[in-house]
Every structure is written in structure tokens, then in C-alpha cells.
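As given, the protein sequences belong to chains W and E, one line each in that order. The numbers in this note's numbering rise by one with no breaks, and the one at position 49 of the first sequence is 341. The numbers in this note's numbering rise by one with no breaks, and the one at position 108 of the second sequence is 400. Cβ atoms here follow ideal geometry from the backbone N, Cα and C, with glycine treated the same way. Beneath this line is the structure, given in C-alpha cells, with notes to follow.
Number of protein chains: 2
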Amino acid sequence: MGGTKILAGIIDADGNVLEKVQIASPTTSADALLAGVDQVVTELLSVEIAAIGIGIPASIDQRSGVVLSSVNLPLQGLHFRQRMSKRFELPVGIDNDANVAVIGEWKAGAGRGTSDLVMLTLGTGVGGGLILNGKPYRGSVGAGAELGHMVIHRDGLPCYGNCSGHGHLEAYASGHAAALSAREHLGPDMDSRKLVERGASGDDRALGLLYRIGDCLGSALGSLVNIFNPELMIIGGGFAAAGEFILAPARERMIAESLDGLADLTRVVMAELGSDAGMIGAGFVAFEALDTAATP
Amino acid sequence: MGGTKILAGIIDADGNVLEKVQIASPTTSADALLAGVDQVVTELLSVEIAAIGIGIPASIDQRSGVVLSSVNLPLQGLHFRQRMSKRFELPVGIDNDANVAVIGEWKAGAGRGTSDLVMLTLGTGVGGGLILNGKPYRGSVGAGAELGHMVIHRDGLPCYGNCSGHGHLEAYASGHAAALSAREHLGPDMDSRKLVERGASGDDRALGLLYRIGDCLGSALGSLVNIFNPELMIIGGGFAAAGEFILAPARERMIAESLDGLADLTRVVMAELGSDAGMIGAGFVAFEALDTAATP
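Dropping the structure here:
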């Protein structure tokens with residue numbers, strides 16, 4: 293589930309997508325949104341399904357299944373897991389949208405076969421996901437891996453939305469940050485997609501801005517290498533379309549900030565599943581819920 | 293094992309210290325150092341021991357038991373685990389000094405009963421340790437949790453020793469950073485201990501410097517809350533003697549940088565085991581090695 297669309301599918305145990313439905317997100321109220329979710333799930337119930345998994349752009353208390361905060365959807369305070377499991381009488385797992393994306397890439401995409409990986413999703417904001425010791429890491433109540441809110445520049449740019457922090461990665465390397473920077477330096481009609489297009493056409497000023505964004509991203513990658521010593525770092529999300537324009541300087545800076553030799557142990561790659569990653573990962577969260585339900 | 297002393301003990305399964313030996317670290321050569329280690333282990337062999345656990349100030353490749361890099365001890369490149377296990381014909385576990393400290397605090401100190409905790413050790417440098425999903429997190433090859441090397445201020449102060457990075461936590465909130473700052477602002481005879489004493493006696497300039505250090509520490513704590521959503525954050529190490537002079541501003545900044553409500557879920561406390569934490573944790577690493585050895 294996202295702020296603009298709900299993408300749903302039938303996912304098998306290998307992460308294959310057997311069927312897919314998409315609707316615009318009804319965001320006027322919690323009731324409208326829940327009606328939308330019910331509609332897509334009901335459509336997919338034409339075949340027998342074992343469990344439901346849902347990724348939402350929100351912090352979740354995994355103990356209770358309550359949505360702690362959700363910026364783009366009217367879900368805050370909802371006993372969402374319980375509500376869905378009562379409605380459909382099936383095991384239900386819910387997770388943060390960045391977590392389901394990393395689970396999708398881990399099980400069926402760029403992270404197959406690894407056990408310690410970090411994913412950064414460069415969308416409007418910057419999301420994060422962690423697979424550690426061979427399993428998703430969600431924090432003590434399930435609200436962890438907000439990697440976009442690492443401080444990379446104390447007292448730097450103010451963060452966005454409901455975050456009151458300063459100098460967070462999200463304020464430097466998100467699609468929104470890219471758009472702001474492009475509008476400031478290249479003109480009021482710019483957005484992050486146009487910035488990448490201008491870079492691809494060889495515009496030096498656009499390339500300079502992208503370099504700077506990649507360099508900031510690299511500061512965070514360096515921190516993440518030192519913190520996690522991961523096998524793999526996956527960069528996904530819409531703004532990852534900037535590709536090597538941001539990844540080349542990011543790798544360079546990552547190496548400069550990493551302890552001796554550590555950066556050599558970490559590969560940095562692009563995500564493979566695109567916008568399906570979250571849906572596929574949500575499928576694996578459903579399988580997890582099924583396992584949990586089967587455990588007495 | 294540290295740069296100045298080797299502290300060794302007999303540790304039971306509950307983390308009780310049954311006997312303790314200490315010698316100055318012979319740092320002139322790898323041979324001299326190994327002879328010193330052999331000496332303390334041999335002394336403790338008067339009772340029957342089941343396994344040996346050792347914490348060292350180094351990055352370790354846990355796959356091979358080789359020391360990747362060690363700044364303060366001549367251990368680099370050594371097959372240390374294998375060497376010790378051959379010499380004493382016992383299961384041997386080795387780990388980073390910050391990791392054994394967090395394991396000690398987790399099993400027998402301030403972290404008892406928690407399953408997601410982050411520890412920062414403010415010594416000469418800043419060490420880190422992670423307990424995640426109820427077990428120590430060591431990274432893909434065992435070189436993780438270098439939390440002192442998170443970037444908190446891009447292009448800021450140069451880091452120390454063999455780290456070529458800039459703006460790392462260690463350059464702002466370590467004992468060494470405190471001493472440098474105290475010498476710059478309060479006079480050439482200052483060190484981090486004297487800075488804390490001056491603060492305790494009410495000296496405004498000293499309190500200002502400690503506030504600033506705590507504020508920088510808090511930037512990292514905010515990042516760690518957002519990354520890990522931990523139940524507990526433990527602050528240990530010699531410079532943690534600065535206590536509330538640094539913890540009060542650190543908590544304040546941590547809250548400012550944390551996502552809505554997340555900081556409320558994390559307690560920040562002082563370490564309990566002092567300089568015994570690493571030795572006790574090394575004991576638990578020995579028990580881990582015993583379990584591994586018992587698994588065919």
C-alpha cells in the first residue's frame with residue numbers, strides 16, 4: 293500500500309507473482325482506505341490463499357499490530373493486523389513498506405543467498421531495510437531500520453514531513469531533496485526525474501548536483517559499512533534511476549569513510565524487482581504469518 | 293586484552309568472576325604478547341576450564357579467526373583463534389573488545405533481559421556493540437558494529453589512527469576528542485579526566501565543552517534509535533565517567549533527531565560492569581565456542 297496506489301498480488305513460496313491487481317489508494321478516510329484494501333483482497337480470493345501480507349508506509353508496533361504513525365495514509369492508531377485477520381479469517385502479517393521491499397529483494401531479487409544486507413530505498417523519502425544474521429531486523433517493537441533518518445550532517449538541512457531532525461540522509465539524498473536542489477539551481481519546472489534526464493544528456497550543472505547527492509549518499513553508506521559490515525548494499529526506489537550518476541560518487545565516499553578494508557567486503561548493487569519488490573516481500577511476510585499461526 | 297593490560301579470569305555460566313589475573317600487555321612483538329597471554333591462561337588453568345574466550349581491540353574475520361587489523365596490539369594477520377586452540381587444546385572464541393563488552397553487559401550487567409540493545413564504549417576511541425534479535429551481531433565476516441565510525445558531520449573533523457574518514461562520532465565524543473578539546477580551550481595540561489573534574493567543580497567552560505560532546509553523542513544516539521529502535525542503549529568506557537554532564541545533552545539531542553515517539557521506546561543507561569565487562573563477555577564467548585565445538 294502506498295500513498296498513490298495499492299498493488300496486490302498472489303505470491304507463491306518462491307516469490308513468483310501469479311496474479312496482480314492495482315487500484316488508486318482511497319486516502320480520504322480510514323474507512324475508504326480499508327474498503328479499497330478489502331476490494332483488492334477479495335478480487336484475489338478467487339483462488340485459495342493461505343495468508344495475507346501487507347506492506348504499509350508506516351511505523352508499526354509488531355507486538356500489537358497497531359500502526360504507530362503513517363504520514364501518507366490515514367492508518368494511524370488502527371489495529372490493522374487484527375482488523376484484516378478478522379475480516380478475512382486468515383493469518384495476516386503487516387510490515388513497513390521499506391521492510392517488505394528488502395524482504396522481496398532478499399528472497400527473490402538482488403539479495404538472494406545473502407544473510408547480512410542493507411537496503412536503501414530512494415523514493416520521495418529515503419527508506420531502509422535490514423536483513424541481519426539471516427533474518428529481517430525490525431527493532432524492538434518493529435519500528436526500526438529508518439535508515440533515511442541517520443544524521444549525516446549535524447545541524448544541517450531540516451528533515452521533511454513529521455520529522456523534526458536536522459541533517460538526516462533523507463534531506464540530502466531522497467527524490468524530494470533532489471527535486472528541491474534541481475528547482476533551486478536549474479529552474480522552477482524541474483523535478484528529480486528531469487534532473488536525471490538533464491544529467492543523462494550531459495548537462496554539467498545537473499551532473500554536479502547528482503554528484504553532490506551521491507556524495508551525501510556515500511557518507512551514509514560509509515556509516516552503514518562500519519556499523520553492519522554487510523555483504524551487500526542494495527539501492528532501490530524511483531530515484532535510484534539516477535544510477536551511476538549517484539552511485540559512482542557514493543561508492544567513492546563510502547570507501548573514504550569506511551574503516552581499512554571493510555568497504556571491499558561490501559558490494560553495492562541496484563535493486564532488481566522495481567516496484568514489485570514490496571508486493572513480493574509482503575508475500576513472504578504472509579508466509580511468516582502462516583508459520584507463526586502454525587506454531588502453538 | 294588491551295593496549296595497556298591483559299585482564300583474565302575464570303567465568304562461570306552466570307557471568308560470575310571466580311578468579312582474576314592481570315598483567316601489563318607486552319606489546320613489543322607478537323611473540324612477546326602471545327607469551328603474555330599464555331602466561332595468564334596457564335595461571336588460571338589451576339582449575340579445570342572448558343573453553344577460552346578472548347576479547348581483542350581489533351577487527352576479526354570470524355570465518356577464519358584471523359585478526360584483520362589491530363591498532364594497539366601487534367596481532368594483525370595472526371591466525372589467533374587457531375593458535376590459541378592448538379596451544380591449549382580447548383575450544384577458543386575470539387571477538388572484538390567492544391563486542392565482548394556488550395555481551396558482558398547484556399548477559400550479566402545493565403542489559404540483562406533485553407534482546408535489542410546498542411552499546412557505545414567511550415574510551416580513547418569510541419567502540420560499539422550490538423545485540424539484535426537476541427544475539428550478538430558481528431557483521432558478515434565479524435567486523436561489524438564499529439559505531440564510533442558513523443559519520444555525524446560530513447567533511448567535519450578528521451578521524452584518528454588508521455581511519456581516514458571525516459566527521460565520525462569518534463572525533464567528537466571519545467576520550468581522545470575530549471582531551472584535545474580540553475587542551476585547546478582550557479590549557480595544555482588537561483586530559484579527559486581533568487575535564488570531567490573541572491566540570492564537576494562547576495567550571496562553566498568545562499561544562500560547556502562537556503555539553504558540546506554530549507550533544508554530538510546525541511546525534512549518533514538519534515541515528516541509532518532510528519536505525520535500530522533498540523530497547524536499551526548502554527554507555528560505557530572510561531570517559532562515560534562524565535555521566536550526566538554528557539548524557540543529559542545527549543538525551544535531549546537524541547529526542548530531537550529521533551522519529552516521532554521512537555525515542556520514548558529506548559532507555560539510555562550507564563554500563564554496570566566497568567572494566568570487567570569485556571572479561572565477563574569474553575567468558576560468554578568461550579561458552580559460545582564450547583557450544584559450537586559440541587555441534588558436529
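Let's test the definition: count the other Cβ atoms within 10 Å of the Cβ of E/L310 and tell me whether it reaches 16, buried, or not, exposed.
exposed
E/K399 touches chain W at which residues, Cβ-Cβ below 8 Å?
Those do not exist, as E/K399 stays about 18 Å from chain W at its closest Cβ, beyond 8 Å.
In whole angstroms, what is the alpha-carbon distance linking E/S317 and E/L414?
21 Å
Within the chosen definition, does the segment 392-400 of chain E reach the segment 510-523 of chain E through at least 3 CB pairs nearer than 8 Å?
Output reads no: the segment 510-523 of chain E does not touch the segment 392-400 of chain E.
Report the three-state DSSP secondary structure of E/N454 (helix, strand or coil).
coil
Expressed to the nearest angstrom, what Euclidean distance is found between the alpha-carbon atoms of W/Y503 and E/M571?
46 Å
Have a look at the DSSP bridge pairing and note the partners of W/V418.
Residue pairing for W/V418: DSSP places it in a beta bridge opposite W/L414.
Looking at the unbroken beta strand (DSSP E) that takes in W/Q368, where does it start and where does it end?
It is not in any beta strand (DSSP E) - W/Q368 carries neither H nor E in the DSSP assignment.
Taking CB distances under 8 Å as the criterion, tell me whether W/S317 reaches chain E.
no
Might you give, ordered along the chain, the residues of its own chain that have their beta carbon closer than 6 Å to the beta carbon of E/N364, omitting 5 neighbours on each side?
G295, P349
Are the C-beta atoms of E/R446 and some chain W residue less than 8 Å apart?
yes
Evaluate the contact criterion for the segment 410-428 of chain E versus the segment 366-379 of chain E: three or more CB pairs, one atom per stretch, below 8 Å.
no
Can you name the start and end residues of the alpha helix (DSSP H) that E/E544 belongs to?
E/E544 -> alpha helix (DSSP H) spans 536-549.
If we ignore side chains and look at the alpha-carbon of each, how far apart do W/A498 and E/L499 end up?
Cα to Cα, the separation comes out at about 46 Å.
Starting from the C-beta of W/F520, find all residues in its chain whose C-beta is less than 8 Å away, skip the five residues before and the five after it, and write them out in chain order.
Hits under 8 Å: D408, V410, L422, L424.
Give the straight-line distance between the Cα atoms of E/G328 and E/I315, rounded to the nearest whole angstrom.
Distance between the alpha carbons of E/G328 and E/I315: 8 Å.
Quick one: residues in its chain with C-beta nearer than 7 Å to the C-beta of E/E544, no 5 flanking neighbours on either side, listed in chain order?
G510
Roughly how many angstroms lie between the CA atoms of E/H445 and W/F576, to the nearest whole one?
38 Å
Considering just the uninterrupted stretch of the beta strand (DSSP E) at E/I302, what are its terminal residues?
297-303
Verify the CB distance criterion: does E/S361 have a CB-CB separation below 8 Å to chain W?
yes
Taking Cβ positions, are E/H460 and E/M442 nearer each other than 8 Å?
yes
Pick out the complete beta strand (DSSP E) segments inside the segment 328-407 of chain E, 3 residues or longer, and give them in chain order.
Within the segment 328-407 of chain E, the complete beta strand (DSSP E) runs of at least 3 residues are 344-348, 351-353, 358-361, 384-388.
Return helix, strand or coil for E/E311, following the three-state DSSP convention.
strand
Name the chain W residues that come within less than 9 Å of E/D387, Cβ to Cβ?
Here the premise fails: no neighbours, minimum Cβ distance about 13 Å.
Suppose you measure from the CA of E/C451 to the CA of W/L326; what does that come to, to the nearest Å?
51 Å
For E/Y429, which residues in the same chain have their Cβ closer than 8 Å to its Cβ, ignoring the five residues on either side in sequence?
L422, I423, G436, A437
Taking W/A548 as the query, report the chain E residues whose CB atoms sit under 7 Å from its CB, ordered along the chain.
S456, G457
Ordered along the chain, which non-local residues of its own chain (more than five positions away) have a Cβ less than 7 Å from that of W/G467?
L414, G415, T416, S484, G530, F531
Using 8 Å as the limit for Cβ to Cβ distance, is E/M442 near chain W?
yes
In whole angstroms, what separates the C-alpha of W/L336 from that of W/V313?
8 Å
At the level of alpha carbons, what is the spacing between E/G636 and W/L551?
Absent from the structure is residue 636 of chain E, since the part of chain E shown begins at 293 and ends at 588.
Mind checking W/A465: buried by the 16 CB within 10 Å criterion, or exposed?
buried
Should E/Q374 be listed as close to the ligand FAD, given that the test is whether its C-beta is under 7 Å from any heavy atom?
The model depicted lacks the ligand FAD and carries no ligand whatsoever.
Return the residues of the segment 544-572 of chain W that lie within a Cβ-Cβ distance of less than 7 Å from chain E, sorted by chain order.
A548, E549, L551, D552, G553, L554, L557
With a cut-off of 8 Å, does the C-beta of W/G514 fall near any C-beta of chain E?
It does; some Cβ of chain E falls within 8 Å.
I need the DSSP call for W/R504, collapsed to helix, strand or coil.
helix
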